[in-house]
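Remarks on the structure that follows.
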Amino acid sequence: MKKILSLILMFCLGTKLLIAQSCDNADFETGTLNSWDAFTGTCCGGGITNPGIVNGRHTVVGTVGFDPLSLDTISYIAPSGGNYSVRLGNSNVGREAEKLTKSFLVTASNTAFTYQYALLLEDPSGHTQNDKPKFEVKLLDQNMQIIPGP
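Residue numbers 4 to 153, in the numbering used here, belong to the letters of the sequence shown in order.
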């Protein structure tokens, strides 16, 4: 069974000038993963704890066009602007999982952080809900506690 975990993270910062001072390369506009921490591992309880960027699993995308894995419905680059995005994952099987993390200081002048993402996950039959592909975004405070949403 082919795993389709084609995730394109597209960050769009409305106030780049203010945020860039404490949130360097949050939108990948350097064309790199500089200032991001990358991890790989396995899903379903295996953990995503192996540090380091892995080519083909953490990929900066600068291509204009549409992802063929989405039947050409998901743009590689955020429609609202920007030149780069990031793809996590590949079409391999074997419970692969990827993670990107970024820490930055939030001040009164940069409390607005907007991100966009496109997500394409396979829904494999015969898998329990816990064993199916998923996507999570967590915002943590300085004590590594989850900041609850609205």
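In this text, a Cβ means the ideal position worked out from N, Cα and C, and glycines have one as well.
Exercise. Let me know if residue 115 comes out buried or exposed under the rule of 16 or more other beta-carbons within 10 Å of its beta-carbon.
Key: exposed
Exercise. Label residue 136 either buried or exposed according to how many other C-beta atoms from any shown protein chain fall within 10 Å of its C-beta, with 16 as the threshold for buried.
Key: buried
Exercise. Could you say which of 106, 101, 118 lies nearest to residue 49 if we only look at CA atoms?
Key: 101
Practice problem: Tell me whether the beta-carbon of residue 89 lies closer than 8 Å to the beta-carbon of residue 80. | Solution: no
Quiz item: Touch check for the stretch 56 to 67 and the stretch 35 to 46: three-plus C-beta pairs under 8 Å?
Solution: yes
Self-check item: Simplified DSSP state of residue 24, which is helix, strand or coil
Solution: At residue 24 the pLDDT is 40, less than 50, meaning the model places this residue with poor confidence; the figure from the coordinates comes in the next sentence. Correct three-state label for residue 24: coil.
Exercise. Just the C-alpha distance for residue 108 and residue 120, rounded to the nearest angstrom, thanks.
Key: 22 Å
Quiz item: Can you check whether the CB of residue 85 is closer than 8 Å to the CB of residue 32?
Solution: yes
Quiz item: Do the CB positions of residue 123 and residue 73 come within less than 8 Å of each other?
Solution: yes
Quiz item: Applying the criterion that 16 or more other CB atoms from any shown protein chain within 10 Å of the CB defines a buried residue, is residue 64 buried or exposed?
Solution: buried
Exercise. Between the Cα of residue 138 and those of 125, 147, 149, 150, spot the shortest distance and give me the residue it belongs to.
Key: 125
Quiz item: Exposed or buried, what is residue 3 when buried is set at 16 or more other beta-carbons lying within 10 Å of its beta-carbon?
Solution: The displayed coordinates of the chain run from 4 to 153. Any statement about residue 3 would go beyond what the structure contains.
Practice problem: Provide the residue(s) that pair with residue 62 in DSSP beta bridges, ordered along the chain. | Solution: 90
Exercise. Measure the alpha-carbon distance for residue 105 versus residue 118 and round it to whole angstroms.
Key: 13 Å
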